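S.K.: Submitted below is the structure of interest, expressed as structure tokens.
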Amino acid sequence: MSNKNWVRLFILVIASALTAWLAFHFFLSRTVVATTALKTDLANQKLDHQTTPKITDETGENGVNTFKETLAKCFPHLTEAITTPREFVDNWKSLNSTAVEETDFIHYFFKDKKGQDVRAQIVYTTAEGHPVREFKLFRVLDDGLPDPVEIPAPDRYNPNNTTLTKYIDFNTVFETQKKWSAKSPGSSSIEVEESNLDVTEFQLFQKNIIFRCHEGDCECKAGN
Amino acid sequence: MSFSNLTVILILSFSLSSFSEVWTATSTWNADTEKEFSIWIQKNWGKDFFLKKETKDGSPNIFQGLRVDCADTVYSSRVIFAYLHSLPFVMNDPSGGKKLISNSMTRWDSKTEKDKIRSFLIYVYNLVSTKSMHGDTYPVKVSRETIVPGSIILTTEKNHHSWVIKNIFPTGIPHLVFNSTVGAYSGPLLQERKSWPNGDWVFEGNVTPQGHAGVRYWRKESELKLPVWQVTGYSEDQYSIKPAKWKYDLQKVLQSTTESNQQTAARLIENICADIQQRIDAVKESEAFLQSATYRCMTEEEFDNYSTPSRDRRLADEIIYLRNFLKTLVQERNELSLDEKTWQQLKIIFPQLDLTIASESQNQKRTLTSSASLCRTKHHSRRENTEKSIDLAEIKRRLFTHRLSSNPNHPPEVRFGEDILVKNSCPSWGNLKLTYVE
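Chains as they are written, first to last, in my numbering: chain C, 25 to 248; chain F, 55 to 492.
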């Protein structure tokens, strides 16, 4: 092949790469790959972490039932004293101080030494009737999705704090997600999802009443 | 090769290999594709799905050899159908991220199509569990339109188990496909049963929607991020049913014909025989593991994988179910609705229906297997290095006199209740004592 043809070939390869790239983005992909576009996407995602939606008492869009309005329907006597889901959940806890809180999971989002996103997960479960805490670790790859990290079995089950600090840099934790539930000896039970200090979702089941909110949209209805 | 040909090949190969998805979805989920999913599950999903070399049309089974636990089995059914029908598969990220996991992922670019789909499945298996399942599904209304092949059943966290509904028989009884953690270790063969699981077990510990238990169906992609109560089709129907009545109510709603007493007896016996065989396989796996580990004590994780208290409780539940069915027949003087052979076989297993099952079993003499035995099978004896015959009557006697052991550090003959004293100083985790409700 002549030098001229090699140059033509080189240009064609570059052109085809660009074509493939554009085709991928416009017609095929819902996933972002490692390019400048990815960096923008990741930046947005980090913003998402920082601005995790929370249930507020502001009027939502598109006919969303706000916390305040819905609380007034379900528990009118509480509207003066309680203005946020956090306060509502804390109030339930103080009224049901004997209820045992059962953790479902805790997620820690943090950075490793290279500044890469890592997610640690402590999953509370039972195995053949006895409680087990299972520890899972995920590196977040360029596509923004997790990649499981192999953890030796002795560290994976019921890890103590010393073990956890081997894997989690608690100083760089930028988001903690937690899900827990509790049941009072009466007929009231609650399930709560939290992100940092915000309550992002809760469901209260009380005799004849279900009160629940998810990211600003609430519902009060008759229960079973 | 001419220069122009070379460039065309280069462009094509680059376009195809670069950033390619696991598969490209060219169709979308709608009522018709959901119906196709249901039919496909009914026809194709079965215990040998990951075992067979070829599919029904004679092409190689590219999923052969994959090993799955119960949650993996459930997710596989949806992923594989979506792949085979060029539909999207999308699920929430169980690690807490906000992005969705989907067939559009491009991590396996350089792999062949077969390796891409297998890698994607293994990736999904590494992420999902019964805990992630409620985020990708919703509880359905109890009706013939909403409980269909392809639906799943999930238990509460306490028992963390799940099943795929392969079929609903006209009698309202489901044909379920599932697997267990030990099953995933032991090989690619899945398990099947033809009955509803016990509602007390499914909803154990939480009978509210918070427990996420019951029959559920896959969420649409657009509804994955919604709170479950806003998902189209979400229903709290199942939580208003008392757990003990749940399976009877479901059967009643779903049945279009009545099951004859003979059919019921045959089905219940078939389920129990399958459970016994699965227990034998599980104990065999446990023994193979112990042998490979030179009979050292199991670690906590190994102990969890190979112990069988939940399995034994399910077996006990199935036997009690059959016994209660028989008791009702006797009370209603309806024994003749069973054929003579079945009646005689069942009388050997349940000789004193007026007593509790524990008392009946205490009074029962050791049964030797014969050609008339139900569920005749063999279990291994390490001490005698031989296979020992056993049948349902004998297993039932040993189970309800607490002779069967679910402790995986015990030799197989002890796990099957041979009267042998064993010294075992290995640590044990959890409550291994059999509990049941008659």
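We treat Cβ as the ideally placed atom computed from N, Cα and C, and that holds for glycine. These numbers were taken from a predicted model, which means no experiment stands behind them.
1) Can you look up F134/C in the DSSP assignment and give me helix, strand or coil?
2) Can at least three beta-carbon pairs, one atom from the segment 143 to 155 of chain F and one from the segment 166 to 179 of chain C, be found at a separation below 8 Å?
3) Alpha carbon to alpha carbon, how far is F470/F from R420/F?
4) Quick check: is the beta carbon of H101/C nearer than 7 Å to any beta carbon in chain F?
5) Nearest to K220/F by CA position, among E211/F, S205/F and G226/F, is which residue?
6) Using a Cβ-Cβ distance cut-off of 7 Å, determine whether N146/F contacts chain C.
7) List the whole-angstrom C-beta distance separating S364/F from N213/F, where the pair is believed to meet the contact cut-off of C-beta under 8 Å.
8) If you draw a straight line from the alpha carbon of N260/F to that of L422/F, how long is it in whole angstroms?
9) Using the rule of at least 16 other Cβ atoms within 10 Å of the residue's Cβ for burial, across every protein chain shown, is G112/F buried or exposed?
10) Taking CB distances under 7 Å as the criterion, tell me whether S149/F reaches chain C.
11) Could you check the C-alpha separation between T75/C and E225/C for me, to the nearest Å?
12) Going by the CB atoms, is the gap between T191/F and Y137/F shorter than 7 Å?
13) Count the other C-beta atoms from every protein chain shown that fall within 10 angstroms of the C-beta of D102/F, then say buried if there are 16 or more, exposed otherwise.
14) Can you name the start and end residues of the alpha helix (DSSP H) that H464/F belongs to?
15) Locate the alpha helix (DSSP H) running through T410/F, then write down its first and last residues.
16) Helix, strand or coil for V491/F per DSSP?
17) Residues in the same chain with beta-carbon distance under 8 Å from E85/C, minus the five sequence neighbours each way, listed in chain order, please.
18) Is the separation between the beta-carbon of V231/F and that of E246/F shorter than 7 Å?
19) How is the beta strand (DSSP E) around T191/F delimited, first residue to last?
20) Beta strand (DSSP E) containing N221/F: first to last residue?
21) In angstroms, rounded to a whole number, what distance separates the CA positions of S425/F and E492/F?
22) Could you check where the alpha helix (DSSP H) with Y137/F kicks off and where it finishes?
23) Count the C-beta pairs between the segment 146 to 164 of chain C and the segment 232 to 248 of chain C that are closer than 8 Å, then say yes if the count reaches three, no if not.
24) Bridge partners of A254/C, per DSSP?
25) In chain order, what residues of the same chain have a beta carbon less than 6 Å from the beta carbon of D193/C, not counting five sequence neighbours either side?
26) According to DSSP, I146/C sits in a beta bridge with which residue or residues?
27) Any chance you could list the alpha helix (DSSP H) runs of at least 4 consecutive residues sitting entirely within the segment 331 to 390 of chain F, in chain order?
28) Could you tell me whether the Cβ of K168/F comes closer than 7 Å to any Cβ of chain C?
29) Could you give the distance in angstroms between the alpha-carbon of I334/F and the alpha-carbon of H433/F?
30) Classify L244/F as helix, strand or coil using the three-state DSSP reduction.
31) Going by DSSP, what residue range makes up the beta strand (DSSP E) through Q201/C?
32) Between which two residues does the alpha helix (DSSP H) holding T94/C run?
33) Using a Cβ-Cβ cutoff of 7 Å, what residues of the segment 208 to 231 of chain C are near chain F? List them in chain order.
M.R.: To lay it out plainly:
1) Reduced to three states, the DSSP call for F134/C is strand.
2) The count of Cβ pairs closer than 8 Å, one atom from the segment 143 to 155 of chain F and one from the segment 166 to 179 of chain C, reaches three, so the stretches are in contact.
3) A straight line joining the alpha-carbon of F470/F with that of R420/F spans about 13 Å.
4) No, no contact with chain F.
5) Comparing C-alpha distances from K220/F to each of E211/F, S205/F and G226/F shows the shortest one belongs to S205/F.
6) Chain C has no Cβ within less than 7 Å of the Cβ of N146/F.
7) The distance from the Cβ of S364/F to that of N213/F is about 7 Å, consistent with a contact at the 8 Å cut-off.
8) The alpha-carbon of N260/F is positioned some 42 Å away from that of L422/F.
9) The residue is exposed, with fewer than 16 neighbouring Cβ atoms inside 10 Å.
10) Closer than 7 Å: yes.
11) Note that T75/C has pLDDT 31, beneath the 50 cutoff, so the model's placement of it is unreliable and the number below is only indicative. In this structure, the alpha-carbon of T75/C lies about 15 Å from that of E225/C.
12) Taking a C-beta distance under 7 Å as the contact criterion, Y137/F and T191/F do not qualify as a contact pair.
13) D102/F comes out exposed.
14) Counting along the chain, no alpha helix (DSSP H) covers H464/F, and no H or E run does either.
15) Taken as a continuous stretch (DSSP letters only), T410/F belongs to no alpha helix (DSSP H), as it is neither H nor E.
16) In the structure shown, V491/F sits in coil (DSSP, three-state: anything other than H, G, I, E or B).
17) In this predicted model, E85/C has a pLDDT of only 48, less than 50, meaning its place in the structure is not dependable; the value taken from the coordinates is given anyway. None.
18) Closer than 7 Å, so yes.
19) Counting along the chain, the beta strand (DSSP E) containing T191/F begins and ends at T191 to P193.
20) It spans S216 to I222 - the beta strand (DSSP E) in which N221/F sits, taken as one unbroken run.
21) Distance between the alpha carbons of S425/F and E492/F is about 29 Å.
22) Run containing Y137/F: C124 to L138, per the alpha helix (DSSP H) assignment.
23) Contact check between the segment 146 to 164 of chain C and the segment 232 to 248 of chain C: fewer than three CB pairs, one atom from each, fall below 8 Å, which does not count as touching.
24) Because chain C here runs from 25 to 248, residue 254/C falls outside it and cannot be looked at.
25) Annotation for D193/C: F134 place their beta carbon closer than 6 Å to its own, counting only its chain and skipping 5 residues before and after.
26) Bridge partners of I146/C: I130/C and F159/C.
27) Listed in chain order, the alpha helix (DSSP H) runs fully inside the segment 331 to 390 of chain F are 354 to 360 and 363 to 385, counting runs of at least 4 residues.
28) So no, K168/F is outside the interface.
29) Computed Cα separation, rounded: 6 Å.
30) L244/F falls in the coil class under three-state DSSP.
31) It spans E199 to K207 - the beta strand (DSSP E) in which Q201/C sits, taken as one unbroken run.
32) Under the DSSP assignment, T94/C falls in the alpha helix (DSSP H) whose first and last residues are F91 to C98.
33) When C-beta distances to chain F are compared with 7 Å, the residues of the segment 208 to 231 of chain C below that value are S213, E215, E225, Q227 and F229, in chain order.
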